[in-house]
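Engineer: Residue numbers (the working numbering), protein chains in the order written: chain P, 114 to 310; chain E, 9 to 93. Encoded as structure tokens, here's the structure I'll be asking about.
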Amino acid sequence: MSFITRGFSGRSHERDERLPPGQTLVHDFPVLSAGPTPEIDTAEWEFSITTETGGVHSWNWQQFMALPIDEVDTDIHCVTHWSKLGTSWRGISLDTLFENVETQYDYVMAHSYGGYTTNLALDDLLDGKAWIAFEFDGEPLDPEHGGPARLLVPHLYFWKSAKWVRGLVMMGEDEPGFWEQNGYHLHGDPWKEERYW
Amino acid sequence: MQHVDGNAIAGPLAEFFAFDITTAVARCNGCGFVAELARAMVYTSPAGSVLRCASCEQVLATLVESDDRAWFGFSGVSAIEVRRR
């Protein structure tokens, strides 16, 4: 039945509307890294948010896992032209983590174990748009995919979803992170193909 | 002191960049290790290549390529040394 419909409508040649321009669907989960994979024990893991006053809000793994957990089903888009549809994650919403954080600053630098950084607008992290994810596809997040926890900002290209995230530092101005200093776009909206400078 | 625009260094830099960059010697800003770039550790991915110091793993340089452009960043290197002959 379905193959007849597809044949007549030519749907197999239609572009999936969930794919941003210039993207190709993949079913595996490619690994892209800028360096060695840090091995971080959850006993030593810590995540913090630092504001302009020097105030630090921090969580160890136990405190982090006691926060309300979101189930996230989302598409992800890598700047290297692959997209993966309907991925499932579990994580803590940035709305939850920012609940008691007072800041006048509009930008954030995400810092990772291993030294990676990426810049984001606070608006891109709040209102149900971003998480610190610790589970992918029902399993603890593999170190090569950013475990024990990574940033998940699925409406931006995936380099913004910093693996091995350890903290967010508020910034008054938008300053480039690691890849953004070296050719990639400050914002990275896949629907606008914000790939490079 | 008057300055002129960047075209003034076109000649010297044309000579400077006409070499195999892997033979250039760089000093790591992180630990001070001095070595040829060919000795650096390179992590390649479709997003770009990252050269790291063989001694301390700090990022020395990056190479990002798009279809029509390329970016070579030297964020972890203060200067590079090139043999003139």
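For each residue, glycine too, the CB sits at the ideal point set by N, CA and C.
Quick one: which residues of the stretch 131-152 of chain P get their C-beta closer than 9 Å to a C-beta of chain E? List them in chain order.
Structural biologist: Within the stretch 131-152 of chain P, the residues whose Cβ lies closer than 9 Å to some Cβ of chain E are P143, V144, L145, S146, A147, G148 and P149, listed in chain order.
Engineer: Go ahead and label P303 (chain P) buried or exposed: buried means 16 or more other beta carbons lie within 10 angstroms of its beta carbon, across all protein chains shown.
Structural biologist: Locating residue 303 (chain P) in the first sequence gives position 190, counting from the first residue. Classification of P303 (chain P): buried, given that the 10 Å Cβ count is 16 or more.
Engineer: If I'm right that L281 (chain P) touches P289 (chain P) with Cβ under 8 Å, what's the distance once you round it to whole angstroms?
Structural biologist: Walking along the first sequence from the start, residue 281 (chain P) turns up at place 168. Walking along the first sequence from the start, residue 289 (chain P) turns up at place 176. In fact, because the Cβ distance is near 16 Å, the residues do not count as touching under 8 Å.
Engineer: Just to confirm the assignment, what range does the beta strand (DSSP E) spanning D216 (chain P) have?
Structural biologist: If you number the first sequence from 1, residue 216 (chain P) lands on position 103. Sequence check: residue 216 (chain P) is Thr here, not Asp. Note, T216 (chain P): premise wrong, no beta strand (DSSP E); not H, not E.
Engineer: Does DSSP classify A223 (chain P) as helix, strand or coil?
Structural biologist: Within the first sequence, numbered from 1, the residue matching residue 223 (chain P) stands at position 110. Reduced to three states, the DSSP call for A223 (chain P) is strand.
Engineer: Could you give the first and the last residue of the continuous beta strand (DSSP E) run that contains G199 (chain P)?
Structural biologist: Position 86 of the first sequence, counting from 1, holds the residue named residue 199 (chain P). Where G199 (chain P) is concerned, the enclosing beta strand (DSSP E) stretches over W195 to S206.
Engineer: Applying the criterion that 16 or more other CB atoms from any shown protein chain within 10 Å of the CB defines a buried residue, is G204 (chain P) buried or exposed?
Structural biologist: Position 91 of the first sequence, counted from the start, is the residue given in the question as residue 204 (chain P). Label assigned to G204 (chain P): buried.
Engineer: Please name the residue, chosen from E:F41, E:L68 and E:E44, that lies closest to A147 (chain P) on a Cα-to-Cα basis.
Structural biologist: The sequence position of residue 147 (chain P) within the first sequence is 34, counting from 1. Out of E:F41, E:L68 and E:E44, E:L68 has the C-alpha closest to the C-alpha of A147 (chain P).
Engineer: How far does the beta strand (DSSP E) with M49 (chain E) in it extend, from its first residue to its last?
Structural biologist: As a working mapping, residue 49 (chain E) is identified with position 41 in the second sequence. Segment M49 to S53, the beta strand (DSSP E) holding M49 (chain E).
Engineer: So what does N232 (chain P) bridge to, in DSSP terms?
Structural biologist: Residue 232 (chain P) sits at position 119 when you count from the first residue of the first sequence. For N232 (chain P), which the question treats as bridged, DSSP gives the partners P:M222.
Engineer: Write down every uninterrupted run of the alpha helix (DSSP H) in the stretch 140-202 of chain P whose length is 4 residues or greater and which is fully enclosed by it, in chain order.
Structural biologist: Whole alpha helix (DSSP H) segments, 4+ residues: 174-178.
Engineer: With DSSP collapsed to three states, give me the class of A34 (chain E).
Structural biologist: Taking the second sequence and counting its residues from 1, one reaches residue 34 (chain E) at position 26. Reduced to three states, the DSSP call for A34 (chain E) is strand.
Engineer: Starting from the C-beta of L45 (chain E), find all residues in its chain whose C-beta is less than 8 Å away, skip the five residues before and the five after it, and write them out in chain order.
Structural biologist: Within the second sequence, residue 45 (chain E) is the residue found at index 37, counting from 1. Around L45 (chain E): I29, T30, T31, A32, V33, A34, L59, L68, A69 and I88.
Engineer: In the DSSP assignment, find the alpha helix (DSSP H) that holds F24 (chain E) and state where it starts and stops.
Structural biologist: Position 16 of the second sequence, counted from the start, is the residue given in the question as residue 24 (chain E). That run of the alpha helix (DSSP H) goes A18 to F25.
Engineer: Please identify the residue among P:G199, P:E215, P:D250 and P:L145 whose C-alpha is closest to the C-alpha of D129 (chain P).
Structural biologist: The sequence position of residue 129 (chain P) within the first sequence is 16, counting from 1. Checked all of P:G199, P:E215, P:D250 and P:L145; the closest Cα to D129 (chain P) is P:G199.
Engineer: Pull out every residue of the stretch 279-300 of chain P whose Cβ sits closer than 9 Å to any Cβ of chain B, in chain order.
Structural biologist: The structure shown contains no chain B; the protein chains it does contain are P and E.
Engineer: When the Cα atoms are used, what is the spatial distance from P143 (chain P) to H194 (chain P)?
Structural biologist: Taking the first residue of the first sequence as 1, we reach residue 143 (chain P) at position 30. Taking the first residue of the first sequence as 1, we reach residue 194 (chain P) at position 81. Going by the C-alpha atoms only, they are around 11 Å apart.
Engineer: Measuring alpha carbon to alpha carbon, tell me which of P:M284, P:W277, P:W310 and P:L264 ends up nearest I189 (chain P).
Structural biologist: Position 76 of the first sequence, counted from the start, is the residue given in the question as residue 189 (chain P). Comparing Cα positions, the closest option is P:L264.
Engineer: Indicate whether V192 (chain P) and Y297 (chain P) have their beta-carbon atoms separated by less than 8 Å.
Structural biologist: Position 79 of the first sequence, counting from 1, holds the residue named residue 192 (chain P). Position 184 of the first sequence, counting from 1, holds the residue named residue 297 (chain P). Yes; because the gap between Cβ atoms is below 8 Å, this pair is in contact.
Engineer: For the putative contact between F177 (chain P) and R279 (chain P), defined by C-beta atoms under 8 Å, what is the C-beta separation to the nearest angstrom?
Structural biologist: Within the first sequence, the letter at position 64 stands for residue 177 (chain P). Within the first sequence, the letter at position 166 stands for residue 279 (chain P). With a Cβ gap of about 12 Å, F177 (chain P) and R279 (chain P) do not count as contacting.
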